[in-house]
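What follows is a short report on a single structure.
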Amino acid sequence: MRLAYTGDTPAMGSERIRRSGMEQQTAGAAGQTAEQERTSAAVEALMRRIADEFETLPRQLRNVAKYVEQNRGSVMVDRTSDIAEECGVHPSAVVRFAQRFGFAGFSDFQAVFRQAFAEQSAPTQSYQQRIRKLIDGKPGKLSGGALAREFIAASRSGLDELEQGFDDAQFEAAVNLLVKAENIYVIGVRRSFSVASYISYALQHTAKRVHLVSGFGGMVHEQIRSIRKHDIVIAISFTPYGKETQACLRVAHMHGAQAIVITDSQLSPLARYASALLTVKEGSAFAFRSLTSTVCLCQALFVALAYRLELAPEEIKDPGGYDE
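Once you know that position 99 of the sequence shown is 99 in full-length UniProt numbering, the rest is easy, because the numbers rise by one and skip nothing.
Here is the structure:
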């Protein structure tokens, strides 16, 4: 049998093999990415279902739901007994929770998170595991530099999680609300106050009327009472959730205004008032939670708004201090 001559030189044949290998690698990478997206989507779909049914759950199952939402990174390996103890419920309640959402048992429920974790490109250790390893490995006093590096690592971890869980649809909804808003009210208390102050400052570079609900003089209600139907409130709060922030959201809801909520969980008590819900889980070091991811999200929100409003660069530039 005679072989057809292809006209390939040895170099051309090598190039063909190389291209073929690259195409296979590209196809493999694309397949892996698709699988990662599929498993991550399964987790998000499950969490959305839990959030949708949260108000109808018995009290004990609501406690388990909160635990799952706040411990997504570890729920796949946590023991049923430990979860039950943390939630103040009997272990059977943890099993009932899984069965409520169509799983034979809690191990099947955990498998959804395990599969997603195994196929994503996140670090192999959670931040909590790394900080525990640091403390166990270096007993005694830590240097200031070591402490600083842990806070940097916590912030980096939070940014990674923000990117992985970023909801484009909710973010776009938030931008649309800001574009249409006549007035923008911003509320954030205690640790969230600095973030609320920052985004209020940034938004002042637009032509929008921006009101920071500072609560100075105990006048939270007086500062929010003029909100109306075509206005927007940006509410920023994390567990244990500021009562003042919740009160402002209730007033805004009563007056027909819509809300952009920035919080740490779909099960947050603020979420029920959200027209656009942006969730942020900050990294923490030595019981101090970072604000890096929240500030990053707020900066992105402002820049996206400025882009939509077609602001010139000089309009959003910081003019600096006042002349004496």
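Where a beta carbon is used, it is the ideal one built from N, C-alpha and C, also for glycine.
Since the model is a prediction, treat every value here as computed from it, not as a measurement.
Integer-rounded CB distance, given that S265 should sit under 8 Å from Q70: The pair is a contact, with the Cβ atoms about 6 Å apart (cut-off 8 Å).
To the nearest angstrom, report how far apart V186 and E55 are at their CA atoms. Rounded to whole angstroms, V186 to E55 spans 27 Å at the Cα level.
6 Å CB neighbourhood of V75 in its chain, flanking five on each side removed: The beta carbon of V75 lies closer than 6 Å to those of V68, F113 in the same chain, with the five residues before and after it left out.
Considering only C-alpha positions, which residue in the set K229, M219, E86, T294 is nearest to A247? Considering only alpha carbons, the answer is M219.
Span separating the alpha-carbon of A306 from that of E163: Approximately 21 Å between the Cα atoms of the pair.
Three CB pairs or more closer than 8 Å across the region 161 to 177 and the region 214 to 231: No: fewer than three Cβ pairs fall under 8 Å.
To test your reading of the DSSP string, which unbroken alpha helix (DSSP H) runs of 4 or more residues are found completely within the region 156 to 219? With a minimum length of 4 residues, the continuous alpha helix (DSSP H) runs that stay inside the region 156 to 219 are 168 to 180, 193 to 203.
Straight-line CA distance for I227 to V280? If you take the alpha carbons of I227 and V280, they lie about 26 Å apart.
Excluding five sequence neighbours on each side, which residues of the same chain lie with their C-beta closer than 7 Å to the C-beta of G158? Residues K281, E282, G283, S290, T292, S293 of the same chain have their beta carbon placed closer than 7 Å to that of G158, with the five preceding and five following residues left out of the count.
E37 versus D108 - alpha carbon distance: For E37, the pLDDT reaches just 49, beneath the cut-off of 50, and the residue's location in the model is therefore unreliable, leaving the point undetermined.
When the Cβ atoms of the region 230 to 239 are set against those of the region 249 to 260, are three or more pairs found closer than 8 Å? Yes: at least three Cβ pairs fall under 8 Å.
Going by beta carbon distance, what residues of the same chain come within less than 7 Å of R308, once the five residues before and after it are set aside? If we look at R308 and ignore the five residues flanking it on each side, its Cβ neighbours are V175, V179.
For L278: DSSP bridge partner residues: The partner list for L278 (beta bridge, DSSP) reads I262.
Given a cut-off of 8 Å, decide if A271 and L278 are closer than it, judged by their beta-carbon atoms. No, Cβ-Cβ distance for L278 and A271 is not below 8 Å.
Taking only three categories from DSSP, how would you classify A146? Secondary structure at A146: helix, using DSSP grouped into helix, strand and coil.
For E310, count neighbouring C-beta atoms within 10 Å of its own C-beta (all shown protein chains included) and say buried if the count is 16 or more, exposed if not. E310 sits exposed, since fewer than 16 C-beta atoms from the chains shown fall within 10 Å of its C-beta.
Residue from Q115, S143, T263 whose Cα sits closest to the Cα of V77: By alpha-carbon distance to V77, the top candidate from Q115, S143, T263 is Q115.
First through last residue of the alpha helix (DSSP H) which encompasses V68: Looking at the DSSP string, the run of the alpha helix (DSSP H) that includes V68 is 59 to 70.
Determine the direct distance from the alpha carbon of A173 to that of A304, and round the result to whole angstroms. For A304 and A173, the gap between their C-alpha atoms comes out near 11 Å.
Three-state secondary structure (DSSP) of I50: Under the three-state reduction of DSSP, I50 is assigned to helix.
Between which two residues does the beta strand (DSSP E) holding A235 run? Where A235 is concerned, the enclosing beta strand (DSSP E) stretches over 232 to 236.
Inspect the beta-carbon positions of V95 and I83 and report whether they are closer than 8 Å. For V95 and I83, no; Cβs fall outside 8 Å.
V295 and T245 - do their beta-carbons sit closer together than 8 Å? No; because the gap between Cβ atoms is not below 8 Å, this pair is not in contact.
Identify every residue that forms a DSSP beta bridge with R308. DSSP output for R308 lists no bridge partner at all.
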